[in-house]
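Colleague: Pasting in a structure now, in structure tokens, and then I'll have a few things to ask.
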Amino acid sequence: MAAASIMPPNARQPLPATARNPNAPASDSQRQRDATLPSLHSLFLRAVNPSRPSSWSAAVADLVSSGDPVAALAAFAAALRVNPAALRPALPPALRAAAAAASLAAGRQLHLLALRSGLFPSDAYSASALLHMYHHCSRPLDARRAFDEIPAPNPVIVTAMASGCVRNNFVYPALAIFRSMVASDCAGAVDEAAALVALSASARVPDRGITGGIHALVTKIGLDGNVGVANTMLDAYAKGGGSDLGAARKLFDMMERNVVSWNTMIALYAQNGLSAEALGLYSEMLNVGGGVRCNAVTLSAVLLACAHGGKIQTGKRIHNQVVRMGLEDNVYVGTAVVDMYSKCGKVEMAWKAFQKIKEKNILSWTAMIAGYGMHGYGQEALEVFSEMRMSGLKPNYITFISVLAACSHAGLLNEGRYWYDSMKNEFGIEPGVEHNGCMVDLLGRAGCLDEAYGLIKEMKVKPDAAMWGALLSACRIHKNVELAEISAKRLFELDATNSGYYVLLSNIYAEAGMWKDVERMRVLIKTRGIEKPPGYSSVELKGQTHLFYVGDKSHPQHKEIYAYLEKLLDRMREAGYVPNTSSVLHDLDEEEKESILRIHSEKFAIAFALMNSVEGSVIHIIKNLRICTDCHRAMKIITTLTGREIIVRDMQRFHHFKAGLCSCRDYW
DNA sequence: GTGAATAGCT
80 MAAASIMPPN ARQPLPATAR NPNAPASDSQ RQRDATLPSL HSLFLRAVNP SRPSSWSAAV
140 ADLVSSGDPV AALAAFAAAL RVNPAALRPA LPPALRAAAA AASLAAGRQL HLLALRSGLF
200 PSDAYSASAL LHMYHHCSRP LDARRAFDEI PAPNPVIVTA MASGCVRNNF VYPALAIFRS
260 MVASDCAGAV DEAAALVALS ASARVPDRGI TGGIHALVTK IGLDGNVGVA NTMLDAYAKG
320 GGSDLGAARK LFDMMERNVV SWNTMIALYA QNGLSAEALG LYSEMLNVGG GVRCNAVTLS
380 AVLLACAHGG KIQTGKRIHN QVVRMGLEDN VYVGTAVVDM YSKCGKVEMA WKAFQKIKEK
440 NILSWTAMIA GYGMHGYGQE ALEVFSEMRM SGLKPNYITF ISVLAACSHA GLLNEGRYWY
500 DSMKNEFGIE PGVEHNGCMV DLLGRAGCLD EAYGLIKEMK VKPDAAMWGA LLSACRIHKN
560 VELAEISAKR LFELDATNSG YYVLLSNIYA EAGMWKDVER MRVLIKTRGI EKPPGYSSVE
620 LKGQTHLFYV GDKSHPQHKE IYAYLEKLLD RMREAGYVPN TSSVLHDLDE EEKESILRIH
680 SEKFAIAFAL MNSVEGSVIH IIKNLRICTD CHRAMKIITT LTGREIIVRD MQRFHHFKAG
740 LCSCRDYW
């Protein structure tokens, strides 16, 4: 939003329709507003009685709430010219306009006006609006300075100050203000608004016990029955110190609930990766929620759960609901749909949903770039990125992670190098650990191991486990034992309990025929008590998720699945499939078991899916670890033998198997 | 002065 100058008022252009620079490029929202301007203009002319100051202030306030703060500031300027008495009632909404436009310049002029006219610090309305303005212009220290000049701030002003502190991430000062309110002992100072601010601050601090303390206080003053307060408390329990989802749920079960309560609890589950709980609560909301209806917020949260859990069938159902409710163009919902389809393996559906979003923001574009990226469609990701820049949006830190990850998944070495340099030089964003991680991965897999190692050594940020892990993986591909040992040493320092690194190094030794070192690793794993998280795969069938572990016998159909798999393996061998022994060490700790039990979970999952799914339908498998070379080759052969299409989502990307080929072109 | 939602490296 452009900074608006309100002093001196332009005598020729006092009205909203002419307040904007006609040469400035119009955004979509701008154009939309322009279409409604003639009526707004006439309405404004009719509504304002120039001789009545309150009429002016109402007009200014209306323009702010209708989303046109620039026009509101122009109206304020016009008001002052016509009737100086309008200052007192119109100054607070004008300050809100400056806040909404994030125009510090306009805000400062209004501050000056408030001082000259004596409205600040004596007028409480102007004072709270002034604090609000500075906080919304990201000037918390200016707000603080103004706050300290107010001799006896009333509870509204104090709450406004605390709220602004939270907004600017000054969470502890906000809590201190709240404490002083409690201590000041003036009855009634802590009301609903103050409690909400305190709880939203509590949701952002790691200190345990703060939410519980506020809860006790809120109960004492009888605000615990307030649904709004209780809703915010859910968030505070789950996100603040202790991250106590259980406490949130306990409160949820006891309290009076409205749609925000349901949405909050569902979102908390979804954000914490508890997809089943989120989806379960969603159906509970629809069935026994006491008539609450889902809205855009509900659907965004539920879509996140689907994305996380890879629930494509449920996700499609929710998408239908989105269409029925006419929410496809909503930027929150639309972005969540894009993310859901991408993470459920349907990137072309993601693209269709993306095009339906009316006012795409940086998150929408980034979700689409990341979506193409995780499917290995690097060129498409870069095209979307270029389109985004042409639309006038500036890429941010996360956008560049997505761009570089897309390059790395597709092996686009030159493009990755180019954008890595460009983010610094052209966009002024200093590469963080994530960007460097992508580059190490990209360089390493392309075989530029020394360059990757050099990057780690010279970069400004401290390398993390992901980065050394990427280098270690690259060392396996390019069979570099020496650098693998360096990487592994760092990894063991950073995260000594992660079994994956031990197995990876062990495999590198095995492939180099260094059996003594393989044995050394085996002993090391035993003595350090490293436990390997079980590998599992899941398949969704008729909305139900079926889980398969390595050597799993718990599935009711396990005998049939095993028999089917044996026959399938026979056919695969006839077609030239030779089990790849280099992946055997993934199951280092399974060595004593029967060979059949060492069959990777995705093979059980694929057998189960082939047996039970509709002929010709695409099979979706989700795996918690990275797919191994052997399973990758097996999948390709299975698509040739059965004519089926298989989409595997592993820990880091998607593999689309079709007619004997994989979309990753064996680069992963 | 006040509550819920969307994007990211291994």
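Count along the first sequence starting at 1, add 79, and that's the number in the working numbering. Even for Gly, the Cβ is constructed at its ideal location relative to N, Cα and C.
1) Answer yes or no: do R524 and A553 have a C-beta to C-beta separation smaller than 8 Å?
2) Which residues bound the beta strand (DSSP E) around T624?
3) Does the beta-carbon of T606 have 16 or more other beta-carbons within 10 angstroms, so that it is buried, or is it exposed?
4) Around the Cβ of W747, are there at least 16 other Cβ atoms within 10 angstroms (buried) or fewer (exposed)?
5) Based on the DSSP secondary-structure assignment, which residues constitute the bridge partners of E619?
6) Does the beta-carbon of L192, which I'm using as the reference point, lie nearer than 7 Å to any heavy atom of the ligand COA?
7) Pull the bridge partners of I700 from the DSSP assignment, please.
8) Relative to the C-alpha of R732, which residue among S696, A432, G622 and G424 is closest?
9) According to the neighbour-count rule (16 or more other Cβ atoms, all chains shown, within 10 Å of its Cβ), is S201 buried or exposed?
10) Counting beta carbon pairs with one atom in the region 291–305 and one in the region 261–275, are three or more of them shorter than 8 Å?
11) Opposite L740 in the DSSP bridges: which residues?
12) Please tell me whether L521 and I535 are closer than 8 Å, where the distance is taken between their beta carbons.
13) Mind checking E645: buried by the 16 CB within 10 Å criterion, or exposed?
14) Identify whether R468 lies in helix, strand or coil by the three-state DSSP scheme.
15) Can you say whether A429 is buried or exposed, counting buried as having 16 or more other CB atoms within 10 angstroms of its CB?
16) Quick one: what's got a C-beta closer than 6 Å to A384's C-beta in the same chain, skipping five residues either side?
17) So, are the CB atoms of I441 and T478 less than 8 Å apart?
18) Between which two residues does the alpha helix (DSSP H) harbouring D520 extend?
19) With a floor of 3 residues, list each beta strand (DSSP E) that falls wholly inside the region 521–602, ordered by position along the chain.
20) Please determine, among Y251, A375, S421 and A642, the residue with the shortest C-alpha to C-alpha distance to V410.
21) Output needed for P658: all residues of its chain with C-beta closer than 7 Å, excluding positions within five of it in sequence on either side, in chain order.
22) Going by DSSP, what residue range makes up the alpha helix (DSSP H) through S144?
23) Where do the N-terminal and C-terminal ends of the alpha helix (DSSP H) with L152 fall, by residue?
24) Considering only the alpha carbon of each residue, which of Y316, G450, L324 and Y361 lies closest to V482?
25) Can you tell me which of L365, H735 and G319 puts its alpha carbon nearest to the alpha carbon of W341?
26) Please tell me whether H699 and E590 are closer than 8 Å, where the distance is taken between their beta carbons.
27) Can you list, in chain order, the residues of its chain with a C-beta nearer than 6 Å to that of A386? Leave out the 5 residues immediately preceding and following it.
28) In terms of residue numbering, what span does the alpha helix (DSSP H) encompassing E427 cover?
29) Please classify K390 as buried or exposed, where buried requires at least 16 neighbouring CB atoms within 10 angstroms.
30) So, with DSSP's three-state summary, where would you put C308?
31) What is the DSSP secondary structure of L647, reduced to helix, strand or coil?
32) Check Y497 in the structure and name its three-state DSSP category.
33) By a C-beta neighbour count over all protein chains shown, 10 Å radius and 16 as the cutoff for buried, is P163 buried or exposed?
34) Which same chain residues end up closer than 6 Å to Y361 when comparing Cβ atoms and leaving out the 5 residues on each side of it in sequence?
35) Using the Cα positions of A203 and T238, report the straight-line distance between them to the nearest angstrom.
Modeller: From the atom records:
1) Yes, they are a contact pair.
2) Q623 to Y628 is the extent of the beta strand (DSSP E) around T624.
3) exposed
4) buried
5) T624
6) As presented, the structure is devoid of all ligands, the ligand COA included, so that no description of it is given.
7) V618 and V727
8) G424
9) S201 is exposed by the Cβ-count criterion.
10) The region 261–275 vs the region 291–305: in contact.
11) K737
12) no
13) exposed
14) Residue state, collapsed to three classes: helix.
15) Classification for A429: buried.
16) A349, S354, A357 and L358
17) yes
18) V512 to R524
19) none
20) A375
21) D709
22) Unbroken alpha helix (DSSP H) run through S144: P132 to S144.
23) P148 to V161
24) G450
25) Per the Cα distances, L365.
26) Not in contact: H699 and E590 (Cβ atoms no closer than 8 Å).
27) D418, M419 and K422
28) V426 to K435
29) buried
30) Residue identity check: residue 308 is Val in the sequence provided, not Cys. Helix, per DSSP.
31) helix
32) helix
33) exposed
34) If you ignore the 5 residues before and after Y361, its C-beta comes within less than 6 Å of the C-beta of I345 and V381, all in its own chain and listed in chain order.
35) 12 Å
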